[in-house]
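Novice: Questions regarding the structure given below will be posed in turn.
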Amino acid sequence: MSIAIDRTGDFVPTETRNQLRVSQAYGLGLKTFLSRLDAGPHPAIRAPHWFTLNGTALNFDNLAAALRTSPAELTAMAPDACYARLPQELGLCLQCFEDALATGQPVTWFRRWMHPLYGVCGIHAAWLTPIAYRTLVRIRHAAEFGTVTSRLGTLAGSHQPQTTSPDDALWLQRLCCTWTAAQLPWGSVEPHELHNIIDVLAAMLSLASARGDDMPAAPDDLDQSSFKGFTLRSAAGHWLPLNLAVRLPHRQWILGIVAHVLRRAPGERSWGRTWPTSIAQRLARETRTHWPAGALEWICPQAAEAERQFIRSK
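Positions in the sequence shown are counted from 1; adding 1 to them yields our numbering.
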């Protein structure tokens with residue numbers, strides 16, 4: 002979501018509704034700006050940070066009137082909330098910032114980057130560059146992005162996964178960042194089913210990689226302590242528990258390897274055509290009765306066969 006100024010000085014929505022941009026032409030801080038629109042939080046509530054703006058912190062009715070849009074449309078623009086807090090690192094696209102500067106546009110933060118499973122730029126199809134949550138918290142003005150991004154630019158590429166494809170990851174990212182049923186090779190999958198599959202596959206594939214099996218090498222510092230439990234809440238009020246790596250390069254690696262398995266048939270994969278027997282059997286046990294029909298057969302035929310043998314033995 003963007004806020005721009007027309008020739009009469011009114012605030013109007015622009016065509017690219019992807020971030021909240023407070024015009025500095027008025028020389029107003031965010032708290033003062035929201036107060037002038039009578040859209041700020043209750044005086045007893047602490048003023049929200051720029052990337053935590055949502056309907057619980059703002060008067061969306063008054064803000065929608067000022068922006069000449071509906072409260073429902075404004076609510077739909079809000080990013081997913083993440084509890085208890087956002088992971089240790091999020092990602093940003095340095096190329097998007099460079100493009101903005103080259104065309105004379107303000108450097109702004111895209112709300113889609115706030116989704117913990119967003120690891121690839123949808124415009125440039127490139128891995129995002131990690132930025133620490135604590136760094137974002139300290140940013141209060143758009144001008145401060147210049148210093149931050151110049152420092153990050155010297156590190157770009159050094160922390161990004163080299164063994165997985167951003168193309169596969171982007172495909173899965175687009176499925177994960179919506180709250181509608183996803184169409185996978187074996188059929189339709191609800192959001193909670195998709196994220197359960199990702200959770201299980203992340204654990205199984207990480208284990209296979211650590212054992213040196215036919216999997217891309219995992220980051221050296223990826224282990225069980227790298228993960229924490231989070232809960233996402235959509236603008237529509239849907240809740241979804243997730244087990245996520247707190248660092249972005251780890252999430253990117255996981256997104257890449259899981260996407261490769263989900264997107265491509267076993268015979269078409271660059272790796273993971275066959276699974277170690279012990280891991281295939283464990284996958285069969287952990288997915289028993291929990292996965293949609295056809296999912297296990299596509300992901301790991303050996304696990305599907307192990308499940309059939311288990312059923313026959315009963």
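From the three backbone atoms N, C-alpha and C, an ideal C-beta is built for every residue, glycine too.
Which term fits Glu90, buried or exposed, when burial requires 16 or more other beta carbons within 10 angstroms of its beta carbon?
Specialist: Taking the first residue of the sequence shown as position 1, residue 90 is located at position 89. With 16 or more Cβ atoms within 10 Å of its Cβ, Glu90 is classed as buried.
Novice: Within the same chain, show all residues whose beta-carbon is closer than 6 Å to that of Asn244, passing over the 5 residues directly before and after it, in chain order.
Specialist: Within the sequence shown, residue 244 is the residue found at index 243, counting from 1. The answer, listed in chain order, is Asp200, Phe228 and Gly230.
Novice: Here's the rule I'm using: 16 or more other beta-carbon atoms within 10 Å means buried, otherwise exposed. How should Gln25 be labelled?
Specialist: In the sequence shown, residue 25 corresponds to position 24, counting from 1. For Gln25, the predicted model reports a pLDDT of 47, less than 50, meaning its position is unreliable; a value from the coordinates is still stated below. Per the 10 Å Cβ criterion, exposed.
Novice: Do Pro250 and Pro88 count as a contact pair if the criterion is CB distance below 8 Å?
Specialist: As a position in the sequence shown, residue 88 is number 87, starting the count at 1. As a position in the sequence shown, residue 250 is number 249, starting the count at 1. Not in contact: Pro88 and Pro250 (Cβ atoms no closer than 8 Å).
Novice: Look up Tyr134 in the DSSP assignment and say whether it is helix, strand or coil.
Specialist: Here residue 134 is taken as the residue at index 133 of the sequence shown, counted from 1. Correct three-state label for Tyr134: helix.
Novice: Using only CA atoms, which one of Pro220, Thr179 and Val108 lies nearest to Leu95?
Specialist: To locate residue 95, count along the sequence shown from 1; it is residue 94. Cα-wise, what sits closest to Leu95 is Val108.
Novice: Provide the residue(s) that pair with Arg234 in DSSP beta bridges, ordered along the chain.
Specialist: Taking the sequence shown and counting its residues from 1, the one referred to as residue 234 is at position 233. Answer is Ala82 and Trp240, bridged to Arg234.
Novice: Distance check for Leu93 and Val121, CA to CA, integer angstroms please.
Specialist: As a position in the sequence shown, residue 121 is number 120, starting the count at 1. As a position in the sequence shown, residue 93 is number 92, starting the count at 1. Cα to Cα, the separation comes out at about 9 Å.
Novice: Which value, in whole angstroms, describes the spacing of the CA atoms of Ala218 and Leu202?
Specialist: Your numbering for residue 218 matches position 217 in the sequence shown. Your numbering for residue 202 matches position 201 in the sequence shown. Between Ala218 and Leu202, the C-alpha separation is close to 15 Å.
Novice: For the pair the stretch 278-285 and the stretch 301-312, tell me if three or more CB-CB distances fall below 8 Å.
Specialist: Counting Cβ pairs under 8 Å, three or more are found: they touch.
Novice: Quick one: what does DSSP say Asp11 is sitting in, helix, strand or coil?
Specialist: Mapped onto the sequence shown, residue 11 falls at position 10. Confidence at Asp11 is low in this model, with a pLDDT of 38, below 50, so the placement of that residue is unreliable and no value is reported for it.
Novice: Using a beta-carbon distance below 8 Å, is Asn244 in contact with chain B?
Specialist: No chain B is present in this structure, which holds just one protein chain.
Novice: So what's Leu118 in DSSP terms, helix, strand or just coil?
Specialist: Along the sequence shown, one-based indexing puts residue 118 at 117. Residue state, collapsed to three classes: coil.
Novice: DSSP state of Trp180, grouped into three classes?
Specialist: Taking the first residue of the sequence shown as 1, we reach residue 180 at position 179. Note: Trp180 maps to coil in three-state DSSP.
Novice: DSSP three-state label for Leu38, please.
Specialist: Taking the sequence shown and counting its residues from 1, the one referred to as residue 38 is at position 37. Coil, per DSSP.
Novice: Given this structure, state the Cα-to-Cα distance separating Leu35 from Asn63, to the nearest angstrom.
Specialist: Taking the first residue of the sequence shown as position 1, residue 35 is located at position 34. Taking the first residue of the sequence shown as position 1, residue 63 is located at position 62. When rounded, the distance between both Cα atoms is 10 Å.
Novice: For the beta strand (DSSP E) containing Gly273, name the first residue and the last one.
Specialist: By one-based count along the sequence shown, residue 273 stands at place 272. Counting along the chain, Gly273 falls outside any beta strand (DSSP E), and DSSP gives it neither H nor E.
Novice: Under a Cβ-count criterion, where at least 16 other Cβ atoms within 10 Å of its own Cβ denotes burial, should Ala246 be classed as buried or exposed?
Specialist: Locating residue 246 in the sequence shown gives position 245, counting from the first residue. Result: buried.
Novice: Label Ala65 either buried or exposed according to how many other C-beta atoms from any shown protein chain fall within 10 Å of its C-beta, with 16 as the threshold for buried.
Specialist: Counting from 1 along the sequence shown, the entry for residue 65 is found at position 64. It is buried - the Cβ of Ala65 has at least 16 other Cβ atoms within 10 Å.
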